[in-house]
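Engineer: Have a look at this one.
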Amino acid sequence: AQTVTQSQPEMSVQEAETVTLSCTYDTSESDYYLFWYKQPPSRQMILVIRQEAYKQQNATENRFSVNFQKAAKSFSLKISDSQLGDAAMYFCAYKGPFGNEKLTFGTGTRLTIIP
Amino acid sequence: GAGVSQSPSNKVTEKGKDVELRCDPISGHTALYWYRQSLGQGLEFLIYFQGNSAPDKSGLPSDRFSAERTGGSVSTLTIQRTQQEDSAVYLCASSQPGQGGMPQHFGDGTRLSIL
Numbered sequence: 059a060q061t062v063t064q065s066q067p068e069m070s071v072q073e074a075e076t077v078t079l080s081c082t083y084d085t086s087e088s089d090y091y092l093f094w095y096k097q098p099p100s101r102q103m104i105l106v107i108r109q110e111a112y113k114q115q116n117a118t119e120n121r122f123s124v125n126f127q128k129a130a131k132s133f134s135l136k137i138s139d140s141q142l143g144d145a146a147m148y149f150c151a152y153k154g155p156f157g158n159e160k161l162t163f164g165t166g167t168r169l170t171i172i173p
Numbered sequence: 149g150a151g152v153s154q155s156p157s158n159k160v161t162e163k164g165k166d167v168e169l170r171c172d173p174i175s176g177h178t179a180l181y182w183y184r185q186s187l188g189q190g191l192e193f194l195i196y197f198q199g200n201s202a203p204d205k206s207g208l209p210s211d212r213f214s215a216e217r218t219g220g221s222v223s224t225l226t227i228q229r230t231q232q233e234d235s236a237v238y239l240c241a242s243s244q245p246g247q248g249g250m251p252q253h254f255g256d257g258t259r260l261s262i263l
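As structure tokens, this is what we get:
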């Protein structure tokens, strides 16, 4: 079974600085997808960024980028120029190849932004 | 509507009662998912519907849990004879059809409290 591990229960960063959240996963598949979701206190899970395993290029969405290391099964999220609105729980998630549609989530990292 | 809609937002009930949670997916999204988030935990997959195919029920924790999706749109998650360990936030998500790891869009969830 696939597993997703987030080893940092909590992280904090000064406003405008850069922070990296770690995620590792375990799978025997070669084709899969990885996601980072943000969950503010409102409870809604918001998609931050998505990476296809067959793509070597790291995904980027504005201030958010990933470092995808397929051989190491690592998928970290870098947030640049941190803003107060970035404060939330961040979840890393794995989805297998087509036909295996469920997401497997890590336990999350609570990110605090220090003004 | 613009997003996934879930109702009720909060539900408090006594142990042993049955509860029904509702999810209205984004229009045009053929895939619908239910997840459970216990306090301080990541999301746990429960069930997945795709079009007219048989649902993937592999995540349902016991036979007290069931779900249906009528007309390929609205879904209802039913928990019979509720137990205190059923207390959690129940999140629904939907996604567009596709083979490319289509991102799941989440609702705000239903917080279920069993007294």
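Protein chains in written order, with our numbering: chain R, 59 to 173; chain U, 149 to 263. Ideal placement from N, C-alpha and C gives every residue a C-beta, glycine not left out.
Closer than 8 angstroms, CB to CB, is L208 of chain U near chain R or not?
Structural biologist: Chain R, which has no Cβ nearer than 8 angstroms to the Cβ of L208 of chain U, makes this no.
Engineer: Could you have a look at D256 of chain U and say whether DSSP puts it in helix, strand or coil?
Structural biologist: Looking at D256 of chain U - three-state DSSP - the assignment turns out to be coil, as it is neither helix nor strand.
Engineer: From the DSSP output, in three-state form, read off Q97 of chain R for me.
Structural biologist: Strand.
Engineer: Relative to the C-alpha of L92 of chain R, which candidate in R:Y152, R:N158, R:K131, R:G157 has its C-alpha closest?
Structural biologist: For the residues R:Y152, R:N158, R:K131, R:G157, the minimum Cα distance to L92 of chain R belongs to R:Y152.
Engineer: Ends of the beta strand (DSSP E) at V237 of chain U?
Structural biologist: Taken as a continuous stretch (DSSP letters only), the beta strand (DSSP E) holding V237 of chain U covers 236-243.
Engineer: Starting from I174 of chain U, follow its DSSP beta bridges and name the residues at the other end.
Structural biologist: DSSP output for I174 of chain U lists no bridge partner at all.
Engineer: For my contact list, F133 of chain R and C150 of chain R are in at a C-beta cut-off of 8 angstroms; report their separation, rounded to the angstrom.
Structural biologist: F133 of chain R to C150 of chain R, Cβ: 6 angstroms. Contact.
Engineer: Helix, strand or coil for L92 of chain R, going by three-state DSSP, please let me know.
Structural biologist: Three-state result, L92 of chain R: strand.
Engineer: Can you give me the C-alpha to C-alpha distance between R229 of chain U and T76 of chain R, rounded to a whole angstrom?
Structural biologist: Their Cα atoms are separated by approximately 48 angstroms.
Engineer: Taking DSSP as the reference, what is the three-state secondary structure of E233 of chain U?
Structural biologist: Helix at E233 of chain U.
Engineer: Does D166 of chain U come out as helix, strand or coil in the three-state DSSP assignment?
Structural biologist: If DSSP states are grouped into helix, strand and coil, D166 of chain U belongs with coil.
Engineer: Mind pulling the chain U residues with CB within less than 7 angstroms of M103 of chain R?
Structural biologist: The answer, in chain order, is L239, F254.
Engineer: So, helix, strand or coil for L142 of chain R, using DSSP?
Structural biologist: Note: L142 of chain R maps to helix in three-state DSSP.
Engineer: Helix, strand or coil for Q115 of chain R per DSSP?
Structural biologist: Note: Q115 of chain R maps to coil in three-state DSSP.
Engineer: Is Q66 of chain R helix, strand or coil by DSSP?
Structural biologist: DSSP places Q66 of chain R in coil when its eight states are reduced to three.
Engineer: Tell me the DSSP bridge mates of V124 of chain R?
Structural biologist: Bridge partners of V124 of chain R: R:L135.
Engineer: If you draw a straight line from the C-alpha of Q264 of chain U to the C-alpha of K163 of chain U, how long is it?
Structural biologist: There is simply no residue 264 of chain U to check, as chain U begins at 149 and stops at 263 in what is shown.
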